[in-house]
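Count along the sequence shown from 1, then add 440; that gives the number in my numbering.
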Amino acid sequence: MEKVNVTIDGRTFEAVKDKCVLEVAHENGIYIPSLCYNSEVTSSGGSCRVCLVEAHQGGRMRLVTACNYPVRKGLEVKTDTPLVRRIRRGVLELLMARVPDSEVIREMAAAEGLTEVRFREDTGENERYKCIACALCTNVCAEVVGVYAISMINRGADKKPATPYLKPSDVCIGCGACAYACPTGAITLKEKDGVRRIWGKDFPMVRCSVCGTPYIPEAQVDWIVKRTGKDRSFFDKCPDHR
Numbered sequence: 441m442e443k444v445n446v447t448i449d450g451r452t453f454e455a456v457k458d459k460c461v462l463e464v465a466h467e468n469g470i471y472i473p474s475l476c477y478n479s480e481v482t483s484s485g486g487s488c489r490v491c492l493v494e495a496h497q498g499g500r501m502r503l504v505t506a507c508n509y510p511v512r513k514g515l516e517v518k519t520d521t522p523l524v525r526r527i528r529r530g531v532l533e534l535l536m537a538r539v540p541d542s543e544v545i546r547e548m549a550a551a552e553g554l555t556e557v558r559f560r561e562d563t564g565e566n567e568r569y570k571c572i573a574c575a576l577c578t579n580v581c582a583e584v585v586g587v588y589a590i591s592m593i594n595r596g597a598d599k600k601p602a603t604p605y606l607k608p609s610d611v612c613i614g615c616g617a618c619a620y621a622c623p624t625g626a627i628t629l630k631e632k633d634g635v636r637r638i639w640g641k642d643f644p645m646v647r648c649s650v651c652g653t654p655y656i657p658e659a660q661v662d663w664i665v666k667r668t669g670k671d672r673s674f675f676d677k678c679p680d681h682r
């Protein structure tokens, strides 16, 4: 892999060419806030705009999203300039207006010295839903799980993830990857009496034969066995007792 030198906030590092600025910064202890990026999901990033930074190269400056901007030879990145802070605060104000109940966004805004917002948006369901429409959940479902149970619907402020026709999905396996990946906790996953409920559908759980804890949906076991050929008895015990 080709290596290049990149300068971030006055410090020069060696990094793999074309690796995103966000990962290089985090690997070297430089904090850049982000919400929609996941290194395991190739199509993630670029949606929330929280990670905007200044990219200087060839005598020009551009404002770019650090999560999908590749490092190149001679690149200089500035993550904490007055311009970056001003724009980042504006982005966070808009996100707080859209999902005021999101603890993650409130904490991120507080770190930027932002406790009140100038905007108020009547977001209807989204205000309760905490969704910032970043599509990370749908990308995880498609790319990592390989199920394609949910997709983004509507446009603009009404954009959100949903199952086809807003009905319980025939292909959802109840794995919960979408809920775990969601940066703002917008997707509701509940478990009670050995049943997991997500996207309006109930999924009976497999109980560990040792401790009795329900730990994985039966539908997820069926999907894994069908896809990998793994022996079903492997799932008789939870990870803590294998």
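We treat Cβ as the ideally placed atom computed from N, Cα and C, and that holds for glycine.
Answer yes or no: do residue i and residue j have a C-beta to C-beta separation smaller than 7 Å?
{"i": "W639", "j": "T603", "result": "yes"}
{"i": "G621", "j": "C577", "result": "Note on residue identity: the sequence assigns Ala, not Gly, to residue 621. Going by C-beta atoms, A621 is nearer than 7 Å to C577."}
{"i": "V493", "j": "V531", "result": "no"}
{"i": "A455", "j": "V504", "result": "no"}
{"i": "Q497", "j": "G486", "result": "no"}
{"i": "V580", "j": "C618", "result": "yes"}
{"i": "A506", "j": "V461", "result": "yes"}
{"i": "L606", "j": "G616", "result": "no"}
{"i": "T624", "j": "I572", "result": "yes"}
Have a look at the options and flag the residue whose alpha-carbon is nearest the alpha-carbon of residue i.
{"i": "E463", "options": "V517, M501, R500", "result": "V517"}
{"i": "L475", "options": "I613, C488, L523, M592", "result": "C488"}
{"i": "K457", "options": "I545, N445, I590", "result": "N445"}
{"i": "D633", "options": "T624, G625, S673, P644", "result": "P644"}
{"i": "C611", "options": "A626, K600, G625, S591", "result": "The sequence given here has Val at residue 611, not Cys. The candidate whose alpha carbon is nearest that of V611 is S591."}
{"i": "G677", "options": "C651, Q660, P657, E658", "result": "Just to set this straight, residue 677 is Lys in the shown sequence, not Gly. The residue with the shortest Cα to Cα distance from K677 is C651."}
{"i": "G614", "options": "A597, S542, R636", "result": "R636"}
{"i": "G586", "options": "C460, V481, Y471, R451", "result": "V481"}
{"i": "L685", "options": "A549, R595, P657, D520", "result": "The requested residue 685 does not occur in the structure, where the chain is confined to residues 441 to 682."}
{"i": "E631", "options": "I448, Y655, N468", "result": "Y655"}
{"i": "S483", "options": "P608, P657, R682, N508", "result": "N508"}
Going by DSSP, what residue range makes up the beta strand (DSSP E) through residue i?
{"i": "V444", "result": "443-448"}
{"i": "D642", "result": "641-647"}
{"i": "A455", "result": "451-456"}
Here's the rule I'm using: 16 or more other beta-carbon atoms within 10 Å means buried, otherwise exposed. How should residue i be labelled?
{"i": "Y477", "result": "buried"}
{"i": "K670", "result": "exposed"}
{"i": "G450", "result": "exposed"}
{"i": "S673", "result": "exposed"}
{"i": "S479", "result": "exposed"}
{"i": "A589", "result": "buried"}
{"i": "M441", "result": "exposed"}
{"i": "T519", "result": "buried"}
{"i": "A626", "result": "buried"}
Along the chain, where does the alpha helix (DSSP H) containing residue i start, and where does it finish?
{"i": "A659", "result": "658-668"}
{"i": "C462", "result": "A small fix is needed here, since residue 462 is Leu in this sequence, not Cys. Counting along the chain, the alpha helix (DSSP H) containing L462 begins and ends at 461-467."}
**Message:** Just to confirm the assignment: which complete alpha helix (DSSP H) runs, minimum length 4, are found wholly within the region 534-619?
**Reply:** 543-551, 565-569, 576-579
**Contiguous beta strand (DSSP E) assignments of at least 3 residues, all confined to the region 472-513** = 492-497, 500-505
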